[in-house]
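Protein chains in written order, with the numbering used here: chain A, 178 to 290; chain B, 2 to 119.
Comments concern the structure below.
This is how it looks when you write it as structure tokens:
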């Protein structure tokens, strides 16, 4: 089975801190995605990557950046965390050219105080 | 661009009752359709998908969904629910790519929380 692993289940950070959320997948997927999940708003795409060093903005990229230096790893960076970035963050991956949908990680619940 | 609307934010039902979770989508191109389930404190898991062929698709745990192109809907149903079906359910779409394959990003609905009471 494909595994998508997010490094932390729960994080508490202070306003203004730089925050790194890490995601690793073990099935050689080309595509990786970062979503945030908020009650009543569903999942909103922050950034995605379709290859190493390639990235594209999603629907809500403001306040975030990403890094994909290796195929298996996709990092989400909050340059200066703010309280409105308190949320559940979900990483997912998928193959190019196959209509199988995503495989998701378990999520990181980030609280910014 | 695509959009997905899940018509009910919360659906409470009693155990062994039937349930329908409604999903409508909007898209200028043909799409693939998915239902995902999220159990408490977990990530999302694929429940079922429609890619082509029969418009009625089934999951291994008794859910089914029917693609209705004219009504742009993909409603999820189960004839008899269990306590263990309590979860949040997400409908999602992605545009069909060239050659009938898809690699694009998924657009999700807002989610429907299904609560099954004893």
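Glycine is no exception: its CB is placed at the ideal position from the N, C-alpha and C atoms.
Range of the contiguous beta strand (DSSP E) that encloses residue i
{"i": "residue 88 of chain B", "result": "88 to 96"}
{"i": "residue 15 of chain B", "result": "11 to 15"}
{"i": "residue 231 of chain A", "result": "231 to 234"}
{"i": "residue 248 of chain A", "result": "Neither: residue 248 of chain A is in no beta strand (DSSP E) and is coded neither H nor E."}
{"i": "residue 217 of chain A", "result": "Taken as a continuous stretch (DSSP letters only), residue 217 of chain A belongs to no beta strand (DSSP E), as it is neither H nor E."}
{"i": "residue 35 of chain B", "result": "32 to 39"}
{"i": "residue 79 of chain B", "result": "74 to 79"}
{"i": "residue 45 of chain B", "result": "45 to 51"}
{"i": "residue 191 of chain A", "result": "Element bounds for residue 191 of chain A: n/a, residue is neither H nor E."}
{"i": "residue 265 of chain A", "result": "264 to 271"}
{"i": "residue 183 of chain A", "result": "181 to 183"}
{"i": "residue 206 of chain A", "result": "Run containing residue 206 of chain A: none; DSSP gives neither H nor E here."}
C-beta neighbour in chain A for residue i, strict 9 Å
{"i": "residue 31 of chain B", "result": "no"}
{"i": "residue 46 of chain B", "result": "yes"}
{"i": "residue 3 of chain B", "result": "no"}
{"i": "residue 115 of chain B", "result": "no"}
{"i": "residue 54 of chain B", "result": "no"}
{"i": "residue 74 of chain B", "result": "no"}
{"i": "residue 26 of chain B", "result": "no"}
{"i": "residue 93 of chain B", "result": "yes"}
{"i": "residue 112 of chain B", "result": "yes"}
{"i": "residue 106 of chain B", "result": "yes"}
Proximity of residue i and residue j at Cβ, strictly below 9 Å
{"i": "residue 220 of chain A", "j": "residue 287 of chain A", "result": "no"}
{"i": "residue 33 of chain B", "j": "residue 90 of chain B", "result": "no"}
{"i": "residue 84 of chain B", "j": "residue 117 of chain B", "result": "yes"}
{"i": "residue 25 of chain B", "j": "residue 73 of chain B", "result": "yes"}
{"i": "residue 248 of chain A", "j": "residue 228 of chain A", "result": "yes"}
{"i": "residue 49 of chain B", "j": "residue 66 of chain B", "result": "yes"}
{"i": "residue 265 of chain A", "j": "residue 284 of chain A", "result": "yes"}
{"i": "residue 53 of chain B", "j": "residue 217 of chain A", "result": "no"}
Below-9 Å beta-carbon distance, residue i vs any chain B residue
{"i": "residue 198 of chain A", "result": "no"}
{"i": "residue 282 of chain A", "result": "yes"}
{"i": "residue 193 of chain A", "result": "no"}
{"i": "residue 269 of chain A", "result": "yes"}
{"i": "residue 222 of chain A", "result": "yes"}
{"i": "residue 219 of chain A", "result": "yes"}
{"i": "residue 243 of chain A", "result": "no"}
{"i": "residue 251 of chain A", "result": "no"}
{"i": "residue 225 of chain A", "result": "yes"}
{"i": "residue 240 of chain A", "result": "no"}
{"i": "residue 229 of chain A", "result": "no"}
{"i": "residue 201 of chain A", "result": "no"}
{"i": "residue 189 of chain A", "result": "no"}
Cβ separation of residue i and residue j, assumed to be a contact under 8 Å, to the nearest whole Å
{"i": "residue 109 of chain B", "j": "residue 5 of chain B", "result": "6 Å"}
{"i": "residue 195 of chain A", "j": "residue 271 of chain A", "result": "The pair is not a contact, with the Cβ atoms about 28 Å apart (cut-off 8 Å)."}
{"i": "residue 226 of chain A", "j": "residue 251 of chain A", "result": "6 Å"}
{"i": "residue 230 of chain A", "j": "residue 245 of chain A", "result": "6 Å"}
{"i": "residue 16 of chain B", "j": "residue 119 of chain B", "result": "5 Å"}
{"i": "residue 68 of chain B", "j": "residue 75 of chain B", "result": "5 Å"}
Next on the checklist: I want to know whether the stretch 269 to 289 of chain A touches the stretch 194 to 204 of chain A - three or more CB-CB distances under 8 Å.
Outcome noted: In this structure the stretch 269 to 289 of chain A touches the stretch 194 to 204 of chain A; the number of beta carbon pairs closer than 8 Å is three or more.
Checklist entry - Should the stretch 182 to 192 of chain A be called in touch with the stretch 79 to 96 of chain B, which here means at least 3 C-beta pairs below 8 Å? => result By the Cβ test, the stretch 182 to 192 of chain A is not in contact with the stretch 79 to 96 of chain B, since fewer than three Cβ pairs between them sit closer than 8 Å.
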